[in-house]
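According to this note's numbering, the stretch in the sequence shown is residues 7 to 610, in order.
All residues carry an ideal CB built from backbone N, CA and C; glycine is no exception.
Note that the structure is a prediction, hence the values are computed from the model and not measured.
Report on the following structure.
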Amino acid sequence: MRILVFNAGSSSLKFGVFDLQPGAALEQAAHVFKGSFDRFGADGCDLVTGVDTRERARAPHRTLAEAIAAVPALLDGAAIATPDAIAHRIAHGGTEFTAAAELTLEALARIERLTPLAPLHNPANIEGVRVATACWPDVPQWGVFDTAFHLSQPARATTYAVPQAWRDAGLRRFGFHGTSHKYVAHRTAGALRTDLRDLRLISLHLGNGASVCAINRGQSMDTSMGMTPLEGLVMGTRPGDLDPGVFGFLQRNLGLDIDTIEAALNSDSGLKGLAGSSDMRDVEARAADGDSQAQLAIHVYAYRARKYIGAYAAAMGGLDALVFTGGIGENSPSMRRRICDGLEFMGLKLHHDRNMAIDLADRAAPQIQAYGARVQVLVTETAEQLMIAHEVATARADALPAPPPIPVAVSARHVHLDATTVAALFGPGYTLTPGKPLRQPGNWAAKERVTLEGPKGRIERVAILGPLRNRTQIEVSRTDSFALGIDAPVRQSGDLDGTPRVRLIGPAGSIDTDGLIIAARHIHMHPDDAARMGVADGDCVDVNLSHAARALTFAHVLVRVQPNAFTEMHIDTDEANAAGIGSATEGEIVPEMAVTALAPRSAS
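Put into structure tokens, the structure is as follows:
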């Protein structure tokens, strides 16, 4: 499948052509053409073309529309046939666009309504779609959204502490650069030869636009940009984090209206506001010549990034890898060094020579941490166009036959115990008494019960599920965690490292143990059903509960294929309440638009 990708900005256009097959790994995609138009002006623009070698020229095109209209001739000159689809990067998709979507007139109207949230980006993105549609009227146009990757973030990360009426009107954090951060996460897992679900990553995208993302076991957990791309890190022309009281201060003291203030925050702030230039190369050169304002800009830029790294490492309960990407992240060894200096207490330290001599050819992701450092530090070029092409190719793949419905069961709070815990709670040599058999073969609910105790309260008569395991695991709902007063993380079964401790109380004693989790929704699946549904162990799917009282779709549901398993989806009581499930129900699964299937994890 041949995909033409456009990334349209107000003063530039980047485009590329990719040959790839749905379901194939990213590394198997062929980048067959690459080009960019930059610095539109009255006398034309700069044109760069070529994948392996870069040819530079001046072109007469003065606007984005003229540049897009020139692309068909460039492709013809390179003997590249008409693409099967055209993909566009769209900055803001709100909460509606969760994956690649065909850009119908109705979809474009919905995107246009989001323009106030991304005034510098969405208008140019929409213009690019309309001009491309005129140039290729018979080729379907698709959009991939910067915000989609971040829709997995928990409410604690996306909610502003403002009046309910404001939140009801749509005021919330969204985040951007999602396509870049998603690519970086998967590229890092590949470079480290580690399952993405086992990694706590911080992706640092540093360019004219800049953001940092905490990626906890494959999902965006938090990111620095908020409702708009203004929040977070210092950027080329945007200030990043700013006290909202600034608006009132500027209105009262300088007589500025909201439109004037917003325009300055988008176009005249950041590095430009601090040092007079939005280009970090210029700022670093002037700082080396003794310019105190340029030096201050560099200090502010690095400090803000370093502060976010510390915050996100704390939010994830640790850090396995920090990854630099974007124009500044890839090309400024001094900025990488400034940001990392002072983080040795986290086990993060750069190696000077590695940092100074990186080679990013062939989508490389070199490591630049000091030998023996606990946190790995990588640098890689972002590949947003490749990521966009991959997601559109996946979305356009011929639909599989409708899969059969899958039973959905509500998994109430329970514990799985190891032998040491059983002895502590019920006495040495005690054997649990199997009671009610469960649907999963060989599993049962014991007749005994235990009590959970946290700093806030107790939960009595909690079920014990057998057989014994090699490590105690306690599964509760989010509401239960509040009742206990312990912030339990959402984890897959068996992923217990770094989980909080809780007290278990039995008739013969008590024990304080880690292993407290909110079980991530998952599907136990028999191999025959997995084959019929076209999924494999480790895949993630969306499950649509159209028959529930409050019909909804659960995203990011892990498939666990096990011999002799009874095919069934498990959700907790909070999720069941959200869907209005009071008794047995069924759902339909749809494979998630993922980059690649994650490596299978042994079930526990």
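Under 7 Å between C-beta atoms of Leu256 and Leu262:
yes
Let me know if Thr104 comes out buried or exposed under the rule of 16 or more other beta-carbons within 10 Å of its beta-carbon.
buried
Which partner residues does Gln147 have in the DSSP bridge list?
Ile92
When the Cα of Val421 is compared with those of Leu458, Pro410, Val385, which residue comes out closest?
Leu458
Whole-number beta carbon distance between Met231 and Gly181, since they are thought to touch under 8 Å
5 Å
What residue range does the beta strand (DSSP E) around Glu350 cover?
Segment: none, Glu350 is in no beta strand (DSSP E) and carries neither H nor E.
Excluding the 5 residues preceding and the 5 following Asn13 in the sequence, name in chain order all residues of the same chain whose CB lies nearer than 6 Å to its CB.
Lys20, Arg95
Determine the DSSP secondary structure at Gly196, reduced to helix, strand or coil.
helix
Which residue wins for smallest C-alpha separation from Pro413, given the options Val11, Ala571, Val57?
Ala571
Report back the beta-carbon spacing between Asp548 and Val565 to the nearest angstrom; my notes put them in contact at under 8 Å.
Actually they are not in contact, since the Cβ atoms of Asp548 and Val565 sit about 11 Å apart, beyond 8 Å.
With the cut-off set at 7 Å, would you say Val54 and Arg60 are in Cβ contact?
yes
Closer than 8 Å is the cut-off here; do at least three beta carbon pairs connect the stretch 159-178 with the stretch 206-217?
no
Coil, strand or helix - Lys442 by DSSP:
strand
Cα separation between Gly460 and Asp501?
21 Å
With a threshold of 16 other CB atoms inside 10 Å of the CB of Ser186, please say whether the residue is buried or exposed.
buried
Assign Glu237 to one of three DSSP states: helix, strand, or coil.
coil
Within this structure, are the beta carbons of Glu336 and Glu290 separated by less than 7 Å?
no
Hey, would you say Val385 sits closer than 7 Å to Ile364, going by beta carbons?
yes
Alpha-carbon spacing of Ile612 relative to Thr559, whole angstroms:
Shown here, the chain extends from 7 to 610; a query on residue 612 therefore has no answer.
Helix, strand or coil at Thr121 according to DSSP, with G and I counted as helix:
helix
Coarse secondary structure for Trp655, derived from DSSP in three states:
Lying before the first or after the last residue shown, residue 655 is absent from the chain, which here runs from 7 to 610.
So, helix, strand or coil for Asn13, using DSSP?
strand
Closest to Pro410 by CA distance: which of Asp535, Pro495, Leu349 is it?
Asp535
Note the first and the last residue of the continuous beta strand (DSSP E) segment covering Gln382.
382-385
How long is the line joining the alpha carbons of Arg475 and Thr439, rounded to whole angstroms?
15 Å
Given 8 Å as the limit, is there contact between the stretch 238-254 and the stretch 188-198, that is, 3 or more CB pairs closer than that?
no
Counted within 10 angstroms of its Cβ, other Cβ atoms place Arg380 as buried (16 or more) or exposed:
exposed
Roughly how many angstroms lie between the CA atoms of Asp404 and Arg477, to the nearest whole one?
Confidence in Asp404 is poor, its pLDDT being 45 and thus under 50, which makes the residue's placement too unreliable to answer from.
Cβ atoms of Gly47 and Ala65: under 7 Å apart, would you say?
no
What's the gap between the Cα of Thr110 and the Cα of Gln373?
43 Å
Are the beta-carbon atoms belonging to Ala425 and Gly441 less than 7 Å from one another?
no
Find out if the Cβ-Cβ distance for the pair Ser483, Thr579 is shorter than 7 Å.
yes
The stretch 137-157 in contact with the stretch 350-369 per 3-pair CB rule at 8 Å:
no
Taking C-beta to C-beta, are Asp58 and Val38 nearer than 7 Å?
no
Assuming Pro146 and Ala97 are in contact, meaning their beta carbons sit under 8 Å apart, how far apart are those beta carbons, in whole angstroms?
Contact flag wrong, Cβ pair sits at about 21 Å.
Return yes when the Cβ of Arg193 is within less than 7 Å of the Cβ of Ala31, no when it is not.
no
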